[in-house]
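Chains as they are written, first to last, in the numbering used here: chain A, 1035 to 1150; chain B, 2 to 116.
All C-beta atoms in this analysis are idealised placements derived from N, C-alpha and C, irrespective of residue type, glycine included.
This structure is a prediction, so every number in the text was calculated from the model and none was measured.
This is the structure in structure tokens:
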């Protein structure tokens, strides 16, 4: 298993540009998450999904959109990039077991985004 | 929302020595999980150890162990026989046991291992 993969690893955007951060997991996990990590800070949840077709906002959703058409993929869309979105973005996944959310998240390697 | 506090932005330890990283959290829930994640310069988040709140026994993973004090809402990480590869940012995290609930992360502790 490759686990959780993210592309690209690094990207520079101009203000107002759009882009999609890709996230794929091959562990058949129900739950998927997008976090951002600003310098010197912990992770903040942007959006999460409990299964294909179901998404919900996290702590910092403004300026982002997500979709979950398949179990494997959970892309994050930035429509109008702003300097405040300069950050490192992590995708994560976890499974559902015996009716309880699996407590361990598996993280991707991250995407570093710079908006100038 | 739950909060997770790591009061030590930076720590250092001599190689082969022991170091303890502190974490406190605030919650009104009784059923939850706690985690320590390691983030090396590669930026990838790596699970170090986890603790279920309903278990009184402290979790242990090789050189890593925790001191879980539920009443005090404290969850410290002890690294024994520190190695150069232990140098990284360490994040404490909380997750409710409820379905679909999110993780809450602390701001991290940067650990330096001195040869």
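### Task
Sort B:114, B:113, B:109, B:30 by Cα distance to residue 55 of chain B and report the nearest one.
Taking the second chain and counting its residues from 1, one reaches residue 55 of chain B at position 54. Residue 55 of chain B has its Cα closest to that of B:30, out of B:114, B:113, B:109, B:30.
### Message
Is it buried or exposed, residue 1091 of chain A, if we count other Cβ atoms within 10 angstroms and call 16 or more buried?
### Response
Counting from 1 along the first chain, the entry for residue 1091 of chain A is found at position 57. The residue in question, residue 1091 of chain A, is exposed, as its Cβ has fewer than 16 Cβ neighbours within 10 Å.
### Message
My assumption, with CB atoms under 8 Å, is that residue 1066 of chain A sits in contact with residue 1127 of chain A. Please give the rounded CB distance.
### Response
Residue 1066 of chain A sits at position 32 when you count from the first residue of the first chain. Residue 1127 of chain A sits at position 93 when you count from the first residue of the first chain. Yes, they are in contact, since the Cβ atoms of residue 1066 of chain A and residue 1127 of chain A sit about 5 Å apart, within 8 Å.
### Query
By the 10 Å Cβ neighbour count, where 16 or more other Cβ atoms means buried, how is residue 70 of chain B classified, buried or exposed?
To locate residue 70 of chain B, count along the second chain from 1; it is residue 69. Exposed, by the Cβ-count rule.
### Message
Are the CB atoms of residue 1115 of chain A and residue 1053 of chain A within a distance shorter than 8 Å?
### Response
Position 19 of the first chain, counted from the start, is the residue given in the question as residue 1053 of chain A. Position 81 of the first chain, counted from the start, is the residue given in the question as residue 1115 of chain A. Going by C-beta atoms, residue 1053 of chain A is nearer than 8 Å to residue 1115 of chain A.
### Message
For chain B, check one thing: does any of its Cβ atoms lie closer than 8 Å to the Cβ of residue 1098 of chain A?
### Response
Counting from 1 along the first chain, the entry for residue 1098 of chain A is found at position 64. So no, residue 1098 of chain A is outside the interface.
### Query
Are any of the Cβ atoms in chain A nearer than 8 Å to that of residue 48 of chain B?
Stepping through the second chain from its first residue, residue 48 of chain B is reached at position 47. Yes, its Cβ sits closer than 8 Å to a Cβ of chain A.
### Task
Identify whether residue 1139 of chain A lies in helix, strand or coil by the three-state DSSP scheme.
Position 105 of the first chain holds residue 1139 of chain A. In this structure, residue 1139 of chain A counts as coil in the three-state DSSP scheme.
### Message
What are the residues in the segment 1078-1106 of chain A lying within 7 Å of chain B by C-beta distance?
### Response
1079, 1082, 1084, 1092
### Query
Does the beta-carbon of residue 1044 of chain A have 16 or more other beta-carbons within 10 angstroms, so that it is buried, or is it exposed?
Taking the first residue of the first chain as position 1, residue 1044 of chain A is located at position 10. With fewer than 16 Cβ atoms within 10 Å of its Cβ, residue 1044 of chain A is classed as exposed.
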